[in-house]
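In short: position in the sequence shown from 1, add 247, done, that's our numbering.
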Amino acid sequence: MTDATTGSAATGATSDERRALLAARLRRRIAEQHHPLSYPQQRLWFLDQLDPANPVYVVPLVHRISGPLDVDALRHALTAVVRRHQVLRTVFRPVDGAPRQFVRPAGPVPVPVVDLTDHPDPHAEAERLAAEEARRPFRLDEDLMVRPLLLRLAPTEHRLCLSLHHIACDGWSLGLLADELSTFYRSFLDGTEPGLPALDIQYAAFAEQQLARLTGEPLMEMLDHWRRRLAGAPALATLPTDHPRPPTQSHAGAHLDFTVDPQAADRVGALARECGATPFAVLLAAFAALVHACTGAAEAVVGSPVAGRTRAELQHLVGFFANTVVQRVDVSGNPTFRTLVERARDESRAAVAHQELPFEKLVEELNPARDPAYNPLFQLMLSYHEGESDALALPGCEVRMVPGDTATAKFDLTLGLTRAGERLTGRLEYSTDLFDDGTAQALGEQFRTVLGAAVAEPDTPIGRLPVLPPGELHRILADWNPAPSEAPGRLVHELIADRAARTPDAPALVAAGDSPEDAIDYRELDRRAEELAVRLRAHGVRPDVTVGLYLDRSPDLVVALLAVLKAGGAYLPWTRDTPPSAWRSWWRTPAPG
Numbered sequence: 248m249t250d251a252t253t254g255s256a257a258t259g260a261t262s263d264e265r266r267a268l269l270a271a272r273l274r275r276r277i278a279e280q281h282h283p284l285s286y287p288q289q290r291l292w293f294l295d296q297l298d299p300a301n302p303v304y305v306v307p308l309v310h311r312i313s314g315p316l317d318v319d320a321l322r323h324a325l326t327a328v329v330r331r332h333q334v335l336r337t338v339f340r341p342v343d344g345a346p347r348q349f350v351r352p353a354g355p356v357p358v359p360v361v362d363l364t365d366h367p368d369p370h371a372e373a374e375r376l377a378a379e380e381a382r383r384p385f386r387l388d389e390d391l392m393v394r395p396l397l398l399r400l401a402p403t404e405h406r407l408c409l410s411l412h413h414i415a416c417d418g419w420s421l422g423l424l425a426d427e428l429s430t431f432y433r434s435f436l437d438g439t440e441p442g443l444p445a446l447d448i449q450y451a452a453f454a455e456q457q458l459a460r461l462t463g464e465p466l467m468e469m470l471d472h473w474r475r476r477l478a479g480a481p482a483l484a485t486l487p488t489d490h491p492r493p494p495t496q497s498h499a500g501a502h503l504d505f506t507v508d509p510q511a512a513d514r515v516g517a518l519a520r521e522c523g524a525t526p527f528a529v530l531l532a533a534f535a536a537l538v539h540a541c542t543g544a545a546e547a548v549v550g551s552p553v554a555g556r557t558r559a560e561l562q563h564l565v566g567f568f569a570n571t572v573v574q575r576v577d578v579s580g581n582p583t584f585r586t587l588v589e590r591a592r593d594e595s596r597a598a599v600a601h602q603e604l605p606f607e608k609l610v611e612e613l614n615p616a617r618d619p620a621y622n623p624l625f626q627l628m629l630s631y632h633e634g635e636s637d638a639l640a641l642p643g644c645e646v647r648m649v650p651g652d653t654a655t656a657k658f659d660l661t662l663g664l665t666r667a668g669e670r671l672t673g674r675l676e677y678s679t680d681l682f683d684d685g686t687a688q689a690l691g692e693q694f695r696t697v698l699g700a701a702v703a704e705p706d707t708p709i710g711r712l713p714v715l716p717p718g719e720l721h722r723i724l725a726d727w728n729p730a731p732s733e734a735p736g737r738l739v740h741e742l743i744a745d746r747a748a749r750t751p752d753a754p755a756l757v758a759a760g761d762s763p764e765d766a767i768d769y770r771e772l773d774r775r776a777e778e779l780a781v782r783l784r785a786h787g788v789r790p791d792v793t794v795g796l797y798l799d800r801s802p803d804l805v806v807a808l809l810a811v812l813k814a815g816g817a818y819l820p821w822t823r824d825t826p827p828s829a830w831r832s833w834w835r836t837p838a839p840g
């Protein structure tokens, strides 16, 4: 019905009918209002269009609740929070080809309850359902951006699964949600007013302001800083991987949790104070030192989240305000760890001072070469959080919050560190396309080892910091390398040459599938190796020069290995299955003359 038709029909209507028609028209107009997306929302919406079934941006939380839970109070509290924060009841749909956000009217939020009290193993079933819920994607065009599920294991034991989409929340928002849910829950039980501060702005208005603000001279000043800072930065981290990088990221991932030694955790804060830095700068320096030890690169390029709430009216608002800054930590020159902390301190300060430029806008403006195989500008992420976990505080109940697991990884590696009281804990999230579980476990142990040694002796050059835990080091040096009963005294290519002189016609090498008649004898093997060694020496191979060998397993590979040794060099074998990140130390034949 058009407005004109509605108007003529209303002419002969009673006053009550006219008011009802006007109210219906007003509701329709409100529902038709839409707003632009903020820059970070635009990126997540675009990624969701590419792969709507991927749960990589689902934020799952599981609250383990012991005690007399009032389910009606919980429903009331969740409904009140969703009514208070429009972004949680916002849907995202295209208008004329561009994504827009539509705020849905407030209404009751259902809390489905699954009763497991008669299940033979309620705890195992609750774990399974929670994992299933964490991996269930959102439909951005119709779902609420918060999805509750309550699992009842016993009359006084529950699991509250709260899944949110990152397009409507960030890490700061999770603390706000916990506080407000707890406040509304108590107020419903007590029959009192919640007493929360009024919200001066809603997220849709912030998005419009952000788009309007990032124009003209302020935008150019921020872009100029980041252009200078990121000029010449390596496009891809060279951390060795277990598997070749796939052509497109699947975001399949896993995580492991660990705890930092209490003495090392204490020293992090002490060293930060000595260096006039934050604990984050110390942890960033340790992470950069580990990356350097694994790659030999002169700098570590690391992304880190910042809160992005630079205005007072945003402090109490749920939404996606967090931004990502890129830090290039200079690890060249074998500095002491103290010096590296100072470098990390200066780098993080400069990044935070220019944090208002959204990462999405930065990528758009810098326009780096894009490759679906990896994240632009950085692939390693480090985050740090201080404070207790964002668990609910429900009267009469004991609540413990644990992050859910979506079995995804946003980046190659994300190291998240949390300081709660005296404890410093870590969670390493890793891409299972690149890393095996054992490698991730080793990386977590190596970070603890580097951090512990570095904060204990901060004036040690980073090249002398231990990377392997003592037990692992002993296993490699002792268990895997028992002392030989008799040292050979000669190198393998010398032994081959000696055998060629004594028994030149004896078979030395036969390829798989060949007959014994096709074997290469020792005379021929040594001759071929010597001939190639002469050419390698002519091209500059000498001690301390590494020669890359790109050959499959074959007689030619054996000849090449012996030739490199005869020339005095060292060899680095590559195959078609060698990850590109392992191609770090190599020798290139110069043009003759």
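Just so it is clear, CB atoms sit at the ideal spot from N, CA and C, and this is done for glycine as well.
It should be emphasised that the depicted structure is a prediction, and the values quoted were computed from it without experimental measurement.
Proximity to residue i [Cα-Cα], best of the options
i: Ser801; options: Ala766, Leu783, Thr793, Ala415; result: Ala766
i: Glu633; options: Glu404, Asp659, Thr665; result: Thr665
i: Gln333; options: Leu391, Phe385, Val361; result: Leu391
i: Arg770; options: Asp761, Ser762, Asp752, Leu779; result: Asp752
i: Arg406; options: Gln688, Glu645, Ala755, Leu724; result: Glu645
i: Leu446; options: Val338, Leu503, Glu560; result: Glu560
i: Glu404; options: Ser420, Asp437, Thr364, Asp513; result: Thr364
i: Ala482; options: Ala528, Ser497, Ala544, Ala536; result: Ala544
i: Thr750; options: Asp513, Pro713, Leu772, Pro763; result: Leu772
i: Phe534; options: Ala454, Leu503, Met628, Ala598; result: Met628
i: Arg394; options: Pro359, Arg340, His539; result: Pro359
i: Asp659; options: Ala667, Pro716, Glu676; result: Glu676
i: Leu397; options: Pro465, Asp437, Gln288, Asp317; result: Asp317
i: Pro642; options: Leu436, Glu635, Gly344; result: Leu436
i: Gln348; options: Ala401, Asp319, Leu284, Ala501; result: Leu284
i: Cys522; options: Gly463, Leu587, Asp471, Met469; result: Leu587
i: Glu455; options: Cys408, His281, Leu798, Val757; result: His281
i: Met467; options: Glu612, Tyr450, Gln510; result: Glu612
Whole-Å CB distance - residue i paired with residue j, under 8 Å assumed
i: His776; j: Ala810; result: One point to set straight first is that residue 776 is Ala, not His, in the sequence displayed. Correct: roughly 5 Å between the Cβ atoms.
i: Leu639; j: His310; result: 6 Å
i: Val576; j: Cys416; result: About 29 Å separates the two Cβ atoms, so there is no contact after all.
i: Gly673; j: Val507; result: 7 Å
i: Val697; j: Ala817; result: So it is not a contact: roughly 26 Å between Cβ atoms.
i: Pro352; j: Pro302; result: Rounded, the Cβ-Cβ distance is 27 Å, inconsistent with contact.
i: Gln288; j: Ile414; result: 5 Å
i: Ala842; j: Pro307; result: For residue 842 there is no data in the structure shown, the boundaries of the chain being 248 and 840.
Residue burial classification, residue i (beta-carbon count within 10 angstroms, cutoff 16)
i: Pro708; result: exposed
i: Glu594; result: buried
i: Val549; result: buried
i: Arg592; result: buried
i: Val356; result: buried
i: Glu264; result: exposed
i: Gln457; result: buried
i: Trp727; result: exposed
i: Asp706; result: exposed
i: Phe339; result: buried
i: Thr261; result: exposed
i: Ser678; result: buried
i: Thr295; result: In the sequence as displayed, the identity of residue 295 is Asp instead of Thr. By the neighbour-count rule (16 or more Cβ atoms within 10 Å), Asp295 is buried.
i: His740; result: buried
i: Phe694; result: buried
i: His498; result: buried
i: Ser762; result: exposed
beta-carbon residue i near the ligand GDP non-hydrogen atom, thresh 7 Å
i: Leu671; result: Because no ligand of any kind appears in the structure shown, any question about the ligand GDP cannot be addressed here.
Under 8 Å between C-beta atoms of residue i and residue j
i: Ala701; j: Phe567; result: no
i: Thr680; j: Pro493; result: A small correction: the amino acid at residue 680 is Asp; Thr does not occupy that position in the sequence shown. Against a cut-off of 8 Å, the Cβ pair of Pro493 and Asp680 comes out as a contact.
i: Val350; j: Arg336; result: yes
i: His563; j: Pro441; result: no
i: Ser410; j: Val305; result: yes
i: Val553; j: Leu530; result: no
i: Val788; j: Ala814; result: yes
i: Ala528; j: Ala519; result: yes
i: Val361; j: Arg399; result: yes
i: Met199; j: Ser636; result: The chain is shown from 248 up to 840; residue 199 falls before or after that span and cannot be answered.
i: Gly691; j: Leu503; result: yes
i: Ala620; j: Gln496; result: yes
i: Val794; j: Leu779; result: no
contact_flag[the segment 311-324, the segment 414-432] where n(CB pairs < 8 Å) is 3 or more:
Contact holds: three or more Cβ-Cβ distances are below 8 Å.
If contact is defined by three or more beta carbon pairs under 8 Å, each pair taking one atom from either stretch, is the segment 578-589 in contact with the segment 641-656?
The answer is no - the segment 578-589 does not touch the segment 641-656, with fewer than three Cβ pairs under 8 Å.
Is there contact here, the segment 359-379 with the segment 476-494, by at least three beta-carbon pairs under 8 Å?
Touching, no.
Flag this pair as touching only if the segment 612-632 and the segment 466-482 have three or more C-beta atom pairs under 8 Å; answer yes or no.
For the pair of segments examined, the segment 612-632 was found to touch the segment 466-482: the number of CB pairs separated by less than 8 Å reaches three.
Using 8 Å as the Cβ pair cut-off and three pairs as the minimum, do the segment 567-576 and the segment 598-610 touch?
A contact is defined here as three or more CB-CB pairs under 8 Å, and the segment 567-576 meets this definition with respect to the segment 598-610.
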